[in-house]
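First to last, the sequence lines map onto chains A and B.
Residues in the first sequence are numbered from 1209 upward in steps of one, following my numbering.
Residues in the second sequence are numbered from 63 upward in steps of one, following my numbering.
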Amino acid sequence: MMDEHKLIEEFFSARAQNNTRRHFLKSCTSALGGVALGSLMSCGTKYDNLLNENSITEGIAHFAPKAKSVIYLHMAGSPSQLEMFEYKPELSKLHGQPCPESLLNGKKFAFIEGVPEMLGQQYKFSQKGVSGAYVSELLPHTGEVVDEISFLRAVHTDQFNHAPAQMLMQTGSPRLGRPSMGSWVTYGLGSENKDLPGFMVLVSGGKTPSAGKSIWGSGFLPTVYQGVQCRSEGDPVLYLNNPDGFSRNLRKKTIDAINQINQEEYEMAGDPEILTRISQYEMAYRMQISAPEIMDIDKEPEYIHEMYGTTQGKGSFANNCLLARRLVEKGVRFVQLYDWGWDSHGAAKSEALNGGFIEKCRETDQPIAALIKDLKQRGLLEETLVVWGGEFGRTPMRENRGGKTMEYIGRDHHTDAYTMWMAGGGIKKGHSFGETDELGYHAVNGKVHVHDIQATILNQLGINHEKLTYFFQGRDYRLTDLYGSVIKDIII
Amino acid sequence: MSTKKVAIPVVLMFLVLSIVLFDSWNSFTLFIGRFHPLVIHFPIAILSIAFLLEVLSQNKAYNPLKGSLPLLLYIGSISAIISTVLGFMLSSESGYSDESIFWHQWLGISTAGLSILLVLIKNMISRQKYLFIYSTTVICLMITGHLGGNLTYGDDYLVENLPPSVKTFFNMENQNKYERKLIENIPEANIYEEIIHPIFEENCISCHNGKKRKGELNMETFEDMMKGGESGDIIHKGIPEKSELITLITLPDDDPDKMPPDGRTPISPADQELLMWWIKSTNLQGQKVSEVEVNNQIKDILFKLSTASQSEWDKLKKTDLPPPDQHIITELEQKGVIIKKISLEAEYLEVNYSNCKETIELIDFENLLQIKDYVVWLDLGNKGEINDSFLKIVNKFNNLLKLHLENTSITDQGIKEINNLTKLEYLNLYGTKITDQSMETLQQMTHLKSLFTWDTNIQEE
């Protein structure tokens, strides 16, 4: 018995002696070699996501584009469609009456409490142009160009707060982390000009929009695609110029040295962000020469300044519009203008429909119309898609913050139906798609979602929104995520 | 054997019942007949495996199998008989034309018959003859089965999804979806032949044709279509709302009777309008478009069907070129010119000089001639050195659709040089010194849709 035990013990210990850590590592070499081979063959990374110096002009459209560039005019805060483009006489008849139950049931509002009053339209409307689109008296200049515009009157969204709604509009998701429209477009198509970034952003109105700079950020795309913010007063691009005493030549040598080190680092580590860094240094160097010249709007003739209503020397929305035209002329792919101050709640004079709103309309009406006219006469409107809109709309009811009548007049956030418009770049002229009910509350037909608008913008640039994807964290992402369809009605 | 004693009476009873109860439209026949696709799996599997084992058992290692062979064959032939009878019942169901069923039916009967024969004469003939008849039986079985599949799924079911490269190899590409041809002359077009029949070809005739008549409806020719189907006429002259054709195609997507069925793409709204317009016309077959009233909506739809609605770009896409010489392109790109394919659809290029910092020399520009057929969009705008001598070269790019010449030094002389650009649709001349003198040349560019000048007209359609 003892002998049998011993035999068994001996058997096990003999086996164990041949099963040491050394043996384990030896057997693992083929597996380790496999892992190394995999990384050499770059398993786990998608090569077509990798950025290289030339990819800035490498992107090819899926089908022939109608538009080469986009100018996106985002009115942050969300303008009141009922005081600009939607004529609703029925609503005005109900002015002052308490809001019907049916419109309040089950709805969550940002600030409205209890039963608000209906708010009639504050300004007069008249029909403009051959298309007969209704435009309010606050927008006389826009009224002159309605025949170039296609209105989308039944746009809806799911977010009723500024930051998530702006992110949904610009990045396709109400949460942080996704690339913005301009980044997707530059990633897909590149830029027509090696000396300028493909995506540039201009901000006016005094503040950055609520969602912050992430709405022109690059999300998970290589950072070379992020929007570059520039200004129409002072230094056109921040942090671009050399410090005093630092010559351009010296700058070039510095950048070359830095990039040489970066290149070696890249060859060791293979991190695509390094390439981004290299190309951004080079781009910044080129921009030192190109940017001041392009951004200098003073060079424009006097009649152009008058047409836009620019304020020389100071920044303004009008200056930004003129700058946008110049940028598009130079081949910048995606230009975004953010104008802050449209959040007409009525809680203070500056944000009241009978206060600051009039000022906002006055500031933007003339430049927007001028932009369209200017692009058209230069033959660029055909190749440039102009988009205007906010992140949601405003309610037909008057806002009653805290349940009380407020001193000034305003409307609360409204997600079910609002108005945006598009012009140029293969969009029908003098057209309108979508309708809301007589109060401007619900969309009655032609409903489109934010994702549909994104799909349409990409479509006009020749991109199939379902095919422009990026592999990240285990799955393919795209601007429109899993949704969105092109709004065929408004495209030629 | 006791099994035989049980099996034969059962089968005989089944046969008698079937004959007695058989009546083409008897609901029982239709009910039982539908079990044909179910039962048919038995003779297919059993007879095949029986034959396989029969052959294998000749090998010493598989000798023990010999014991099961008679029973397998027996069960196989019984199931073949039952399948045949069920198949006969199923054939009374509508939707199958006589010709398509003919071979399937007779080969099926042959299979059943041969298998019975095998059971009966097994011990009476030589092994060789036995195996010969056995293999014939199996071959009949295979062909019957294949034809049965074709009846259910269509003739091209097995090859439809072959990888494209294989299809090209065997020259099978024409099996693509039917593509409607664009119409040259809309007013002279025969409404039924050129507009309506193609809609049927695209969506309906795959199931409603001479060989396969679902719902007893054949839409291949006008006469056959007017005969209607099992529920009567599909067209009620003059009244689209009462026409079965229209009712079925306008059902909601989740309705089981919707045509086309099985989740296929519904008939487009434009085609629906055309069909309704056609039904309202007095003579459904012989009329031309010019003889029938058209409202604006129909006009637009018809326009989209005409060759006139095809853009120049569409036409260019159809005559795609092989990839251009990369060497030339790289050479030009090094000078700062941006050359890109317009889209993934074709090899045509857009060439953009406008953002190029260096001055363009005439010699460098001449290099572009090497790929002249590829250049479809050309941007020379905002380059002051571009003058009339460049335009002589530009004239040779005969595939040019878009030309940017704004803010250049060209003059009327130069415009006269580009009289050969017949396909040009977009010409931007703003900020140049041209005058009315150029109008003559410009008016000859019949395809020109957009013209931009700050001297003379703004736009010309």
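Think of the CB as a built atom: it goes at the ideal place given N, C-alpha and C, for glycine as much as any other residue.
Would you call residue i buried or exposed, if buried means 16 or more other Cβ atoms sit within 10 Å of its Cβ?
i	result
T1379 (chain A)	buried
L179 (chain B)	exposed
H1673 (chain A)	buried
K1296 (chain A)	buried
F1565 (chain A)	buried
D1230 (chain A)	Residue identity check: residue 1230 (chain A) is Arg in the sequence provided, not Asp. It counts as exposed.
S145 (chain B)	buried
P71 (chain B)	exposed
T515 (chain B)	buried
P1273 (chain A)	buried
P126 (chain B)	exposed
V1436 (chain A)	buried
S1334 (chain A)	exposed
N1528 (chain A)	buried
F1219 (chain A)	exposed
D387 (chain B)	exposed
N1608 (chain A)	buried
D1684 (chain A)	exposed
Express the C-alpha separation of residue j and residue i in angstroms, rounding to a whole number.
i	j	result
E428 (chain B)	K419 (chain B)	18 Å
I401 (chain B)	T1688 (chain A)	29 Å
G1398 (chain A)	T327 (chain B)	36 Å
L169 (chain B)	F262 (chain B)	33 Å
D533 (chain B)	E264 (chain B)	Any property of residue 533 (chain B) remains undetermined from this structure, which presents chain B solely from 63 to 523.
H166 (chain B)	N212 (chain B)	10 Å
L310 (chain B)	I258 (chain B)	16 Å
T206 (chain B)	F90 (chain B)	25 Å
D517 (chain B)	K495 (chain B)	Legend: pLDDT at D517 (chain B) = 49, less than 50; position of this residue unreliable, value from coordinates given subsequently. Spanning the two alpha carbons is a distance of roughly 8 Å.
I391 (chain B)	G1549 (chain A)	49 Å
F1600 (chain A)	G493 (chain B)	41 Å
E1473 (chain A)	F1428 (chain A)	21 Å
K380 (chain B)	N481 (chain B)	25 Å
E1388 (chain A)	M1377 (chain A)	The displayed chain sequence assigns Ser, not Glu, to residue 1388 (chain A). So the two alpha carbons sit approximately 9 Å from each other.
S1487 (chain A)	S1235 (chain A)	44 Å
Candidates the options: which alpha carbon is nearest residue i's?
i	options	result
E1294 (chain A)	A:P1604, A:G1549, A:G1314	A:P1604
G1638 (chain A)	A:H1270, A:H1303, A:G1340, A:V1243	A:G1340
Q525 (chain B)	B:F284, B:Y192, B:P318	Lying outside 63 to 523, the shown extent of chain B, residue 525 (chain B) is not represented and no answer is given.
K1636 (chain A)	A:Q1305, A:N1470, A:T1664, A:E1309	A:T1664
D1355 (chain A)	A:N1369, A:K1584, A:C1236	A:K1584
N1401 (chain A)	A:G1549, A:G1539, A:Y1678, A:S1693	A:G1539
I455 (chain B)	B:D441, B:K495, B:K434	B:K434
D1624 (chain A)	A:E1218, A:G1351, A:G1648	A:G1648
Y215 (chain B)	B:T497, B:E278, B:K274	B:K274
L1669 (chain A)	A:V1594, A:D1506, A:L1245	A:V1594
K135 (chain B)	B:M507, B:D498, B:P323, B:V181	The question names Lys, but residue 135 (chain B) is Leu in the sequence shown. Among B:M507, B:D498, B:P323, B:V181, the Cα nearest to that of L135 (chain B) belongs to B:V181.
L131 (chain B)	B:L118, B:L364, B:S141, B:A142	B:L118
M1614 (chain A)	A:E1599, A:N1562, A:G1241, A:E1571	A:N1562
L1589 (chain A)	A:A1532, A:D1547, A:R1609	A:A1532
H1657 (chain A)	A:T1572, A:F1679, A:Y1691, A:N1667	A:Y1691
L1299 (chain A)	A:Y1447, A:Y1331, A:I1497, A:F1319	A:Y1331
Given residue i, which residues of its chain have a CB within under 7 Å of its CB, disregarding the five upstream and five downstream residues?
i	result
S451 (chain B)	L424
R1686 (chain A)	H1673, E1674, L1676, T1677
Within the same chain, show all residues whose beta-carbon is closer than 6 Å to that of residue i, passing over the 5 residues directly before and after it, in chain order.
i	result
F1641 (chain A)	L1360, G1654, D1697, I1698
A1578 (chain A)	M1515, Y1516
R1459 (chain A)	N1450
I1357 (chain A)	W1629, A1631
S153 (chain B)	I163
N461 (chain B)	D435, V438
Check the C-beta distance from residue i over to residue j and give it rounded, since I have them as a contact under 8 Å.
i	j	result
L313 (chain B)	K320 (chain B)	4 Å
I1423 (chain A)	M1375 (chain A)	6 Å
Take residue i and list the residues in its own chain whose beta-carbon comes closer than 8 Å to its own, dropping the five residues that flank it on each side.
i	result
V1338 (chain A)	D1355, G1638
I267 (chain B)	M281, E282
N468 (chain B)	Note on residue identity: the sequence assigns Glu, not Asn, to residue 468 (chain B). Within the same chain, E468 (chain B) has close Cβ partners G443, N444, N490, L491, Y492, G493, T494, F514.
L193 (chain B)	E116, V117
S416 (chain B)	D441, L442, G443, N444, K445, H466
Indicate, with yes or no, if the ligand FMN has a heavy atom lying under 7 Å from the CB of residue i.
i	result
L182 (chain B)	Absence of the ligand FMN is noted for the structure shown, with no ligands found whatsoever.
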